[in-house]
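Q: After the structure tokens below, expect a handful of questions from me.
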Ligand SMILES: C[S@@+](CC[C@H](N)C(=O)[O-])C[C@H]1O[C@@H](n2cnc3c(N)ncnc32)[C@H](O)[C@@H]1O
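Numbering (my numbering), first residue to last: 4 to 202.
Structure, rendered in structure tokens:
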């Protein structure tokens with residue numbers, strides 16, 4: 004499922020960069036995602052990879068001599084802490100006209116109020132044009148909790164429904180242009196050989 008999620012989000016990111024004329028990507032909780040090194044990206048695109056100190060340190064160590072396909076900036080921040088998250092967003096969005104924010108795999112680590120605060124931060128940032136995230140459906144939560152060996156009862160995923168999160172993200176326009184793609188549905192339609200796993 005993680006490989007399918009990666010492949011699906013690869014497509015969503017590259018399509019959004021072209022369609023929405025994105026100049027900055029802000030990847031919150033990037034982990035060891037290597038998209039700036041392996042996707043076909045415009046050379047002028049700025050890409051911020053943000054995570055905790057050990058992840059960013061290890062990532063820089065491993066990728067230190069690799070050539071990114073765009074302007075890559077690793078950044079450390081505690082994304083659960085409002086002040087630190089807003090500071091990181093300010094740094095990454097400085098000079099951005101049209102930014103794409105990615106939170107793949109982050110929301111289960113946050114409590115519901117932190118998810119709401121993040122959605123509000125993004126909504127009121129004028130440069131934030133697109134937000135791509137994964138959300139767990141209610142019926143997939145027990146299975147995922149089992150895989151991660153972690154109870155998700157206290158985390159943001161329970162109350163951060165698609166509709167509620169989308170509403171928080173687009174209060175200005177009143178209209179929500181949220182598009183949903185099912186990871187499970189994509190997995191069923193995708194033959195294993197059509198998935199490239201180069202992370
Ligand atoms: C499931 S991984 C997802 C990594 C990557 N986005 C991906 O999909 O492969 C979750 C990531 O969230 C990061 N993370 C969790 N809580 C965080 C926090 N409070 N501040 C910064 N990063 C955090 C972890 O360090 C980890 O890299």
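The C-beta atom is built at its ideal place from N, Cα and C for all residues, glycine as well.
Any chance the segment 69-81 sits against the segment 100-112, with 3 or more Cβ pairs inside 8 Å?
A: no
Q: State the DSSP-derived secondary structure class of residue 94, mapped to helix, strand or coil.
A: Collapsing the DSSP output to three states places residue 94 in a helix.
Q: Alpha carbon to alpha carbon, how far is residue 37 from residue 66?
A: 9 Å
Q: With 16 as the cutoff for other CB atoms within 10 Å, does residue 145 come out buried or exposed?
A: exposed
Q: Can you list, in chain order, the stretches of the alpha helix (DSSP H) that have 4 or more residues and sit fully within the segment 59-107?
A: Complete alpha helix (DSSP H) runs here, min 4: 85-96.
Q: Any chance the CB of residue 52 is under 7 Å from a heavy atom of ligand 1?
A: no
Q: Between residue 68 and residue 135, what straight-line distance do the alpha-carbon atoms span, to the nearest angstrom?
A: Answer to the nearest angstrom: the Cα atoms are 29 Å apart.
Q: Give me, in chain order, the residues of the same chain whose beta-carbon lies closer than 8 Å to that of residue 128; leave out the 5 immediate sequence neighbours on both sides.
A: 92, 96, 102
Q: Around the C-beta of residue 160, are 16 or more other C-beta atoms found within 10 angstroms, so that it is buried, or is it exposed?
A: Caution applies to residue 160, whose pLDDT of 49 falls short of 50 and renders its modelled position unreliable; the value that the coordinates give is listed next. Residue 160 is buried by the Cβ-count criterion.
Q: Give the DSSP bridge partners of residue 2, in chain order.
A: Nothing can be reported for residue 2: it is not among the residues displayed for the chain, which extend from 4 to 202.
Q: To the nearest angstrom, how far is the alpha carbon of residue 71 from that of residue 57?
A: 21 Å
Q: Measure the C-alpha to C-alpha separation of residue 86 and residue 19 and round it to an integer number of angstroms.
A: 28 Å
Q: Can you tell me the Cα-Cα spacing of residue 94 and residue 24, whole angstroms?
A: 20 Å
Q: Mapping the DSSP letters down to three states, classify residue 17 as helix, strand or coil.
A: Looking at residue 17 - three-state DSSP - the assignment turns out to be helix.
Q: Just to confirm my understanding: we take residue 157, look at its own chain, exclude 5 residues before and 5 after, and list those with CB closer than 8 Å. What are they?
A: For residue 157, the predicted model reports a pLDDT of 45, less than 50, meaning its position is unreliable and no value from the coordinates is stated.
Q: Is the Cβ-Cβ distance between residue 82 and residue 31 less than 8 Å?
A: yes
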